[in-house]
Amino acid sequence: MTILDKLYDRWNDHDIEGVLAYFRDDLVYTDKTINTTFRGRDELAQFMAGSFVSIPDLRFELLHTIETDTDCAGEALMIGTFEKDLGPIKATGKAFTIKYGIVGRIVDGKVFELNDYWNFAEFLGDDQQ
Numbered sequence: 013m014t015i016l017d018k019l020y021d022r023w024n025d026h027d028i029e030g031v032l033a034y035f036r037d038d039l040v041y042t043d044k045t046i047n048t049t050f051r052g053r054d055e056l057a058q059f060m061a062g063s064f065v066s067i068p069d070l071r072f073e074l075l076h077t078i079e080t081d082t083d084c085a086g087e088a089l090m091i092g093t094f095e096k097d098l099g100p101i102k103a104t105g106k107a108f109t110i111k112y113g114i115v116g117r118i119v120d121g122k123v124f125e126l127n128d129y130w131n132f133a134e135f136l137g138d139d140q141q
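Using my numbering, the letters of the sequence shown map in sequence onto residues 13 to 141.
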């Protein structure tokens, strides 16, 4: 199993501390779609906790992962139901399944930097994409 496989297994359990165990303390996590960067464990933990409230059934199905000593990447499906507002983004109440890309850097066996990419229109349930 790659580090992404292990990390997203914990994410699917909604185990914030379990996810953070795979990251360095000085982590940089950027959600490229919403142009937001989280620095350090506390910021990422707050983001995850909010996501689990807004999307209580949030889960990821990893389709492919690649890992070297210094890099990781993957393709996944992000699946859930957007039930409660997520910051300024108003809830739609709709279920979604979105292709999700992940690219990161590994330092000393832990994730230092992780970037994710996904389609915002699909998240909002925009059938006109």
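Using N, Cα and C, we set each Cβ at its ideal position, and we do this for glycine too.
| Query | Result |
| --- | --- |
| Beta-carbon proximity list for Y112, same chain, < 8 angstroms, skipping 5 on both sides | F72, E87, A88, L89, M90, D128, Y129 and W130 |
| Beta-carbon proximity check, K18 vs Y34, cutoff 8 angstroms | yes |
| Identity of the residues DSSP links to I78 by a beta bridge | A85 |
| Span separating the alpha-carbon of M57 from that of G105 | At residue 57 the sequence reads Ala, which differs from the Met that was named. Taking the straight line joining both Cα atoms gives about 24 angstroms. |
| Helix, strand or coil at Q140 [DSSP, three-state] | Any reading at Q140 must be qualified, since the residue scores a pLDDT of 43, below 50, and its modelled position is unreliable; no value is offered. |
| Nearest to I142 (by Cα), restricted to the options S63, T48 and M13 | Within the shown structure, residues of the chain are numbered from 13 to 141, placing residue 142 beyond reach of any answer. |
| Span separating the alpha-carbon of L39 from that of V119 | 10 angstroms |
| Assumed close pair R117, D83 - CB separation to whole angstroms, cut-off 8 angstroms | 6 angstroms |
| Straight-line Cα distance separating H76 from F59 | 25 angstroms |
| L98 vs S66 beta-carbon contact at 8 angstroms | yes |
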